[in-house]
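Residue numbers (our numbering): 128 to 404.
Everything on this sheet refers to the single structure shown next.
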């Protein structure tokens, strides 16, 4: 389900049915009932009130649907149990919608989190599920450089896009969901991820550093249009410093045993060998 009526080659080559929606409750409801959906998974990465409006419409549609009584909103971040306001731009979108979910009685839901998406470490020619974001993600495989935030030794969670997709499918088979669900391909640091890239490609990767003080300074910028990009980036960078980017280990491993026991989670070295060789 997407706003675009054009399928795109990715979906067309795989025979995936694409249905256009304007993301109103009526539009979403019509699609859910037409396909007899049992669950709705959102990947709408919008911000602010737009996020709330789209996801409220999704939740309302599930509530009114004949068959669809399960919903996974779009989050896919880090440890929101301990860091509910990180990244800070979530406070105007995800945080208010989570309160709506907590009050929901008719639709089962879970908030699914995976840490950083490992595909950002793959070069442009690789088969991957996410486009590069070199200004936001510390590792730029195409420019072959890294901008490390803080020390770079802070532990993070990393998960490949293909593992995220497989885990979501497995989760649909679970008889009961928890309010938050976590997966992690590997716990590592950005310094260690850079080292793995250097070892795989057998070449050093130049590194620059952005200090915690500089990041904090940008979080305090006034909310003017010209500061939008810097404030957004700083809110994401905070996750690299405060452990919010690391899914809680004990809970993640327990849920792996309970929900994803038959899944193999791919570490970076294996992903590089599979997709980027």
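Think of the CB as a built atom: it goes at the ideal place given N, C-alpha and C, for glycine as much as any other residue.
Worksheet entry | Same chain only: Cβ atoms within 7 Å of residue 402, ignoring 5 sequence neighbours per side | Locating residue 402 in the chain shown gives position 275, where the first residue counts as 1. The residues are 249, 253, 254 and 255.
Worksheet item: Alpha carbon to alpha carbon, how far is residue 247 from residue 214?
Response: As a first step, residue 247 must be located in the chain shown, where it is residue number 120. As a first step, residue 214 must be located in the chain shown, where it is residue number 87. The alpha-carbon atoms of residue 247 and residue 214 are separated by roughly 18 Å.
Worksheet item: If you drop the 5 nearest sequence neighbours on each side, which residues of the same chain put their C-beta closer than 7 Å to that of residue 173?
Response: On the chain shown, position 46 is the one that residue 173 refers to. So the qualifying residues of the chain are 181.
Worksheet item: Since residue 243 sits in a beta bridge, which residues does DSSP pair it with?
Response: Locating residue 243 in the chain shown gives position 116, counting from the first residue. Bridge partners of residue 243: 285.
Practice prompt. Report all residues from its chain with a CB closer than 6 Å to the CB of residue 364; omit the five preceding and five following residues, and keep chain order.
Written response: Here residue 364 is taken as the residue at index 237 of the chain shown, counted from 1. Around residue 364: 276 and 342.
Fill in: Which listed residue (262, 198 and 218) has its alpha carbon closest to that of residue 239
Working through the chain shown from its first residue, we reach residue 239 at position 112. The shortest Cα separation from residue 239 among 262, 198 and 218 belongs to 198.
Item to complete: Determine the burial state of residue 137: buried for a count of at least 16 other Cβ atoms within 10 Å of its Cβ, exposed for fewer.
Response: Walking along the chain shown from the start, residue 137 turns up at place 10. Flag for residue 137 reads exposed.
Fill in: DSSP bridge partner residues for residue 313 (one or two, in chain order)
On the chain shown, residue 313 is found 186 positions in, with the first residue counted as 1. Paired residues: 285.
Discussion item. Let me confirm a value: residue 193 is counted as buried when at least 16 other C-beta atoms fall within 10 Å, else exposed. Which label applies?
Written reply: Taking the chain shown and counting its residues from 1, one reaches residue 193 at position 66. Result: exposed.
Worksheet entry | Same chain only: Cβ atoms within 6 Å of residue 267, ignoring 5 sequence neighbours per side | For the purposes of this step, residue 267 is taken as residue 140 along the chain shown, with counting starting at 1. Excluding sequence neighbours, residue 267 sits near 261.
Worksheet item: What is the rounded straight-line gap between the Cα of residue 141 and the Cα of residue 380?
Response: Taking the chain shown and counting its residues from 1, one reaches residue 141 at position 14. Taking the chain shown and counting its residues from 1, one reaches residue 380 at position 253. Each residue's alpha carbon lies about 32 Å from the other.
Fill in: alpha helix (DSSP H) runs wholly inside the segment 139-204, at least 4 long, in chain order
152-161 and 175-191
Worksheet item: Roughly how many angstroms lie between the CA atoms of residue 218 and residue 186, to the nearest whole one?
Response: Position 91 of the chain shown holds residue 218. Position 59 of the chain shown holds residue 186. C-alpha separation (whole angstroms): 19 Å.
Worksheet item: Assuming residue 285 contacts residue 242 under a Cβ cut-off of 8 Å, what Cβ separation, rounded to an integer in Å, is found between them?
Response: Along the chain shown, read from residue 1 onward, the residue named residue 285 stands at position 158. Along the chain shown, read from residue 1 onward, the residue named residue 242 stands at position 115. The pair is a contact, with the Cβ atoms about 6 Å apart (cut-off 8 Å).
Discussion item. Counting beta carbon pairs with one atom in the segment 346-360 and one in the segment 321-335, are three or more of them shorter than 8 Å?
Written reply: no
Worksheet item: Span of the beta strand (DSSP E) holding residue 276?
Response: Here residue 276 is taken as the residue at index 149 of the chain shown, counted from 1. Here the beta strand (DSSP E) through residue 276 covers 272-276.
Fill in: Inter-residue spacing [alpha-carbon to alpha-carbon] between residue 143 and residue 299
Taking the chain shown and counting its residues from 1, one reaches residue 143 at position 16. Taking the chain shown and counting its residues from 1, one reaches residue 299 at position 172. Using only the alpha carbons, I get a separation of about 18 Å.
Worksheet item: Could you check where the alpha helix (DSSP H) with residue 100 kicks off and where it finishes?
Response: The chain is shown from 128 up to 404; residue 100 falls before or after that span and cannot be answered.
Fill in: Identity of the residue in 183, 302, 170 and 358 nearest residue 228 by Cα
Taking the chain shown and counting its residues from 1, the one referred to as residue 228 is at position 101. With distances taken between Cα atoms, residue 228 lies closest to 183.
Discussion item. Does residue 259 pass the burial test, meaning 16 or more other C-beta atoms within 10 Å, or should it be called exposed?
Written reply: In the chain shown, residue 259 corresponds to position 132, counting from 1. Burial call: buried.
Worksheet item: Looking at C-alpha atoms only, which residue of 175, 223, 309 and 263 is the closest neighbour of residue 204?
Response: Walking along the chain shown from the start, residue 204 turns up at place 77. When each option's Cα is compared against that of residue 204, the closest is 309.
Worksheet item: Whole beta strand (DSSP E) runs in the segment 205-257 with 3 or more residues, listed along the chain?
Response: 238-240
Practice prompt. Report the option in 362, 333, 166 and 334 whose CA atom is closest to the CA atom of residue 347.
Written response: Residue numbering aside, residue 347 sits at position 220 when the chain shown is read from its first letter. Comparing Cα positions, the closest option is 362.
Worksheet item: Taking the C-alpha atoms as reference points, what is the distance between residue 293 and residue 226?
Response: Taking the first residue of the chain shown as 1, we reach residue 293 at position 166. Taking the first residue of the chain shown as 1, we reach residue 226 at position 99. Taking the straight line from one Cα to the other gives about 28 Å.
Item to complete: Determine, using beta carbons only, whether residue 128 and residue 153 come nearer to each other than 9 Å.
Response: As a position in the chain shown, residue 128 is number 1, starting the count at 1. As a position in the chain shown, residue 153 is number 26, starting the count at 1. In this structure, residue 153 does not lie closer than 9 Å to residue 128 by Cβ.
Worksheet item: How many Å lie between residue 176 and residue 360 at the Cα?
Response: By 1-based counting over the chain shown, the position of residue 176 is 49. By 1-based counting over the chain shown, the position of residue 360 is 233. Roughly 19 Å separates the two Cα atoms.
Practice prompt. Would you list the residues sitting across from residue 291 in a DSSP beta bridge?
Written response: Residue 291 sits at position 164 when you count from the first residue of the chain shown. Beta-bridge pairing links residue 291 to no other residue.
Worksheet item: How would you label residue 396, buried or exposed, when you count the other beta carbons within 10 angstroms and need 16 or more for buried?
Response: Your numbering for residue 396 matches position 269 in the chain shown. It counts as exposed.
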